[in-house]
Amino acid sequence: MSSPSVDWRNRFGWNWLTNIKDQGGCGSCYIFGAVGVVEAMLRIEHSVWSLRSEGDVGDSISLYCGGHAKCQGGSPNEVLDWVQTNGVADPGCWPYVDYNRTGNPTPDRLGRTGKLDSYVTLSGAANMKTWIDLNGPITACFNCCDDFDGACKNNAVYICSTNPQNTKTAGGHCIVIVGYDDSKNAWLIRNSWGTGWGTDGYGWYGYGQGEYGLEYYGNCGIVGASTSPDPWSKRRSHNGNLYESGDGTNHRNFEVWAPGPGHVIRHYYRDGQSLNWTLAETLPQVSLAPNFNTSGYDCAGAPSALGSTYFRDFELIYLTTAGELRSCLFDQLTQKWIDRGPFGPTDSSGNLTANWADGVSGFIQINIGAPGNFEVVVRRPNGVLDNWWRDDIDNDAQWASKGTFGSGILLSGATLVQRWAKNGVPDVGAAAGLDLVCVTNKNVMQRWWRDDPNNKPWTACETFGSNVESPPVMIRSQYGATEETVPGNYELCVAVNGSIEHWWTSGNPEPTTTATWSKSATFNTNVTGVKVERVLGLIESSFGFDLELVALLSDGSLQHFWRDGAGWHAGPVFGSTVK
Numbered sequence: 002m003s004s005p006s007v008d009w010r011n012r013f014g015w016n017w018l019t020n021i022k023d024q025g026g027c028g029s030c031y032i033f034g035a036v037g038v039v040e041a042m043l044r045i046e047h048s049v050w051s052l053r054s055e056g057d058v059g060d061s062i063s064l065y066c067g068g069h070a071k072c073q074g075g076s077p078n079e080v081l082d083w084v085q086t087n088g089v090a091d092p093g094c095w096p097y098v099d100y101n102r103t104g105n106p107t108p109d110r111l112g113r114t115g116k117l118d119s120y121v122t123l124s125g126a127a128n129m130k131t132w133i134d135l136n137g138p139i140t141a142c143f144n145c146c147d148d149f150d151g152a153c154k155n156n157a158v159y160i161c162s163t164n165p166q167n168t169k170t171a172g173g174h175c176i177v178i179v180g181y182d183d184s185k186n187a188w189l190i191r192n193s194w195g196t197g198w199g200t201d202g203y204g205w206y207g208y209g210q211g212e213y214g215l216e217y218y219g220n221c222g223i224v225g226a227s228t229s230p231d232p233w234s235k236r237r238s239h240n241g242n243l244y245e246s247g248d249g250t251n252h253r254n255f256e257v258w259a260p261g262p263g264h265v266i267r268h269y270y271r272d273g274q275s276l277n278w279t280l281a282e283t284l285p286q287v288s289l290a291p292n293f294n295t296s297g298y299d300c301a302g303a304p305s306a307l308g309s310t311y312f313r314d315f316e317l318i319y320l321t322t323a324g325e326l327r328s329c330l331f332d333q334l335t336q337k338w339i340d341r342g343p344f345g346p347t348d349s350s351g352n353l354t355a356n357w358a359d360g361v362s363g364f365i366q367i368n369i370g371a372p373g374n375f376e377v378v379v380r381r382p383n384g385v386l387d388n389w390w391r392d393d394i395d396n397d398a399q400w401a402s403k404g405t406f407g408s409g410i411l412l413s414g415a416t417l418v419q420r421w422a423k424n425g426v427p428d429v430g431a432a433a434g435l436d437l438v439c440v441t442n443k444n445v446m447q448r449w450w451r452d453d454p455n456n457k458p459w460t461a462c463e464t465f466g467s468n469v470e471s472p473p474v475m476i477r478s479q480y481g482a483t484e485e486t487v488p489g490n491y492e493l494c495v496a497v498n499g500s501i502e503h504w505w506t507s508g509n510p511e512p513t514t515t516a517t518w519s520k521s522a523t524f525n526t527n528v529t530g531v532k533v534e535r536v537l538g539l540i541e542s543s544f545g546f547d548l549e550l551v552a553l554l555s556d557g558s559l560q561h562f563w564r565d566g567a568g569w570h571a572g573p574v575f576g577s578t579v580k
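Our numbering runs 1 ahead of the 1-based position in the sequence shown.
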């Protein structure tokens, strides 16, 4: 038996629905209905805001599939069929326009699409309620009465009037059912006519009503495990050597890249269904300095990894035994690792400088450029920080320096995170700035901030913590992100005196140079006789907004830790960096 009431606007203490949208004067409600369900299920299954574009689907159906113009109406089924084959991109990649003219997509669309394996068709009120209760929102289409335009004000339950003046329908309409309430005898619907319709864009629609009811035609539902979010949606929720990919049956495998004996890089993964860790592979040999005419292994520290908008490629940056940074990627199209070689400053003869880098890299893909540029920040041996970037328009792997900053830096870490653009604007090119946390030679952590909106350089900010002798790892989580335009908290984990400390600060740290950090927990490994040496990677996962990390233990093994509602837990030990 289903619950007596469900409201996905606030369930289990979280909001699962993106902000109300407006289809404008275009007859594209069927697209908004289908895309709205995809968005909701990406959020419910993967614990991340993943705003999707109705323009991506509508324009493509019109242009490439020989279909009707998007504004002439259609069915959610044809939209979901198209998404199954092609995915659906974010609005920054492909904007929506409310008439039969198309937007201009960015060239990295294939890496910015949320994917869908399958969907189901539902019928009957009981089945609809059960699905909404156990899975999430569904689409619905109905014959729309003339008085629906002004319906659902002040949470009133809408019943189509049967008086003679209102028996003529105003045509078909599609919405998203996001809940129900048996005490009201009504479905909770999400419309696509802006916040001025109904009660802030939502309304209660009475059960039944025959051909005017939401149960009359078939409805579409999606199993959450059938969805796979794009790397762009998750780009702030991971850092270091740990990444949650779209691989596996449930599209939520964990991927870890760690150094091994002989300077190799080993790739481990955790299956998102069985939760078992497995060694997947050892990465191929690379060309070695000084002449790059011999092959071997040269990894001198844990890589910093991400999934890029280039076809969801895995990209790594790591410190080499020659004191350089090296870039490599896993090409999802060929299923092969590609070595992009070392990069960094060069001498007057154009030769790469040896031993210029000495730290863990902060490594991200940002919102500037299309595809987005890559940014790296790493410590130099003289205690300054070096900022490098790669313009990805041509995907030519050419890195350029943005200069050095700071002094007295003891350790750099995988803490580089892009700030939130003003008002959460998702568009490409919306300058936001960067935040970074490093460790100073006074063994305290310090945040640095780059003010991109005002074209200002890196600025030193607040310090926090004490006795820190290992690199921190930092992400932006969904905690505090009440809707998709609100920035979530920064979450930071670092090893101190053999234990792990978890710190956080809210939103975009404000004022910009004086954020307040709170230490929420200190926890240890459960392996007898060893301590935690370093935190290598941190993510917020698809598993109920859990924070998850991988740490290096003093015996050279790797251990997984996670935090749920009951606190932090020491998980399985897997792999080794020394044997």
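In this text, a Cβ means the ideal position worked out from N, Cα and C, and glycines have one as well.
Cβ pair residue i, residue j closer than 9 angstroms
i, j, result
"H561", "H252", "no"
"Y208", "G199", "no"
"G409", "N442", "yes"
"V158", "K116", "no"
"I501", "V531", "no"
"A290", "T321", "yes"
"F1", "V497", "A query on residue 1 cannot be resolved here, the shown segment of the chain reaching from 2 to 580 and no further."
"L353", "R341", "no"
"W233", "D387", "no"
"G88", "Y311", "no"
"W627", "A482", "As shown, the chain starts at 2 and ends at 580. That puts residue 627 outside it, with no answer to give."
"I266", "L317", "yes"
"E534", "S542", "no"
"F524", "Q479", "no"
"G302", "P260", "yes"
"D99", "S54", "no"
"V379", "F406", "no"
"C153", "G197", "no"
"D332", "D314", "yes"
"N240", "G363", "yes"
"P106", "D57", "yes"
"L539", "A415", "yes"
"T140", "C175", "yes"
Environment of residue i [buried if 16+ CB atoms lie within 10 Å]
i, result
"Q419", "buried"
"Q73", "exposed"
"Y31", "buried"
"L334", "exposed"
"N242", "buried"
"L135", "exposed"
"Q366", "buried"
"G568", "exposed"
"E212", "exposed"
"G67", "Any reading at G67 must be qualified, since the residue scores a pLDDT of 49, below 50, and its modelled position is unreliable; the value itself is stated next. Label assigned to G67: exposed."
"M2", "exposed"
"T114", "buried"
"N383", "exposed"
"T295", "exposed"
"N11", "exposed"
"D231", "buried"
According to DSSP, residues forming a beta bridge with residue i
i, result
"G404", "N388"
"K116", "S229"
"W518", "Per DSSP, none; premise fails for W518."
"E502", "V495, T523"
"C439", "Q447"
"H239", "I540"
"Y97", "DSSP lists no partner for Y97."
"F366", "Note on residue identity: the sequence assigns Gln, not Phe, to residue 366. The partner list for Q366 (beta bridge, DSSP) reads F375."
"Q560", "A552, V574"
"T464", "Q447"
"I223", "In the DSSP output, where bridge partners are listed per residue, I223 has none listed."
"Q274", "According to DSSP, Q274 bridges with nothing at all."
"K337", "D332"
Interface flag, residue i vs chain B, CB-CB below 9 angstroms
i, result
"D332", "The structure shown has no chain B; it contains just one protein chain."
Sequence ranges, beta strand (DSSP E) only - wholly within the region 125-209, length at least 3: 139-146, 170-182, 187-191, 203-207
Three-pair Cβ contact test at 8 angstroms for the region 119-128 versus the region 400-419: no
To test your reading of the DSSP string, which unbroken alpha helix (DSSP H) runs of 4 or more residues are found completely within the region 18-92? Secondary structure within the region 18-92: the alpha helix (DSSP H) runs of 4 or more consecutive residues, fully enclosed, are 30-47, 55-65, 77-87 (chain order).
Check whether the region 14-33 touches the region 477-496, counting contact only when three or more Cβ pairs, one atom from each stretch, lie closer than 8 angstroms. yes
Determine, using beta-carbon pairs with one atom in the region 177-187 and one in the region 80-92, whether at least three such pairs fall under 8 angstroms. no
Touching by the beta-carbon criterion (3+ pairs, under 8 angstroms), the region 267-284 and the region 504-522: no
Decide if the region 24-38 is in contact with the region 220-228; the criterion is three or more beta carbon pairs, one per stretch, under 8 angstroms apart. They touch, by the three-pair rule.
Quick one: any contact between the region 296-309 and the region 270-279, if contact means 3 or more CB pairs under 8 angstroms? no
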